[in-house]
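Written out below as structure tokens is the structure these notes cover.
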Amino acid sequence: MFYGDYKMAFFNIVVVILCGTNNHQHSSDEIVDALEAICWSVADVLKDTKIVLIALLPRGEKDNPLRNKIYQINYGIEQIISTIPNTHLINADPGFVRSDGVIFPEDMADYLHLTRRGYKKFCVPIMSCVKKFLQEDAKKEKAFNNSIYTFHE
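Numbering (the numbering used here), first residue to last: -8 to 144.
Quick look at the structure:
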């Protein structure tokens, strides 16, 4: 990971992390460990930044070994997320799988890649979370600015 002055170049309020879905050749534990390491790397460098980790999306039309592995990964993430400061998990899975276990083809036509409708569904909880953090930060900034005294001669 790059630890240069990029943190000074941007006003970092929120970092959204979506990764791990293409690492399915690794074990569930390896993927969870990698996601945890990524979150810790961000948390260590950007201490006041909110981190939003997106859980892995389901794949495959019906229940299958890879989807079960994804469930294991998401469960593992849920177990460790509270140990990482300022880190929040968004699990978009319940919105894509029907009660019979089949992914809505309107959301993922090939049962892997999101369609336009799928992206709209996927982005709602992410945007809601990011917006909340931005609003919280704006309130803090306003309180800070209101506490600055200006001296006039």
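C-beta: ideal position from N, C-alpha, C; glycine also.
Nothing here was measured: the structure is a model prediction, and the numbers come from that model.
Can the beta-carbon of residue i be found closer than 8 Å to that of residue j?
i, j, result
"Ile117", "Ile81", "yes"
"Leu57", "His17", "no"
"Ile8", "Leu44", "yes"
In whole angstroms, what is the alpha-carbon distance linking residue i and residue j?
i, j, result
"Thr40", "Asn3", "6 Å"
"Pro96", "Lys53", "11 Å"
"Gly86", "Val5", "24 Å"
Is it buried or exposed, residue i, if we count other Cβ atoms within 10 angstroms and call 16 or more buried?
i, result
"Glu69", "exposed"
"Asn13", "exposed"
"Asn65", "buried"
"Cys10", "exposed"
"Leu125", "exposed"
Within the continuous beta strand (DSSP E) that includes residue i, where are the two ends?
i, result
"Val5", "Val5 to Ile8"
"Val43", "Lys41 to Ile45"
Answer with yes or no whether the minimum CB distance from residue i to chain B is below 8 Å.
i, result
"Val7", "Although the question refers to chain B, the structure presented lacks it and comprises just one protein chain."
Got a sec, what are the start and stop residues for the alpha helix (DSSP H) residue i sits in?
i, result
"Ile71", "Pro56 to Ile71"
"Leu26", "Ser19 to Val36"
**OP:** Decide yes or no for the touch test of the stretch 99 to 110 against the stretch 17 to 28: beta carbon pairs closer than 8 Å, at least 3 of them.
**Re:** Counting C-beta pairs with one atom in each stretch, the stretch 99 to 110 and the stretch 17 to 28 have fewer than three that are closer than 8 Å, which means they do not touch.
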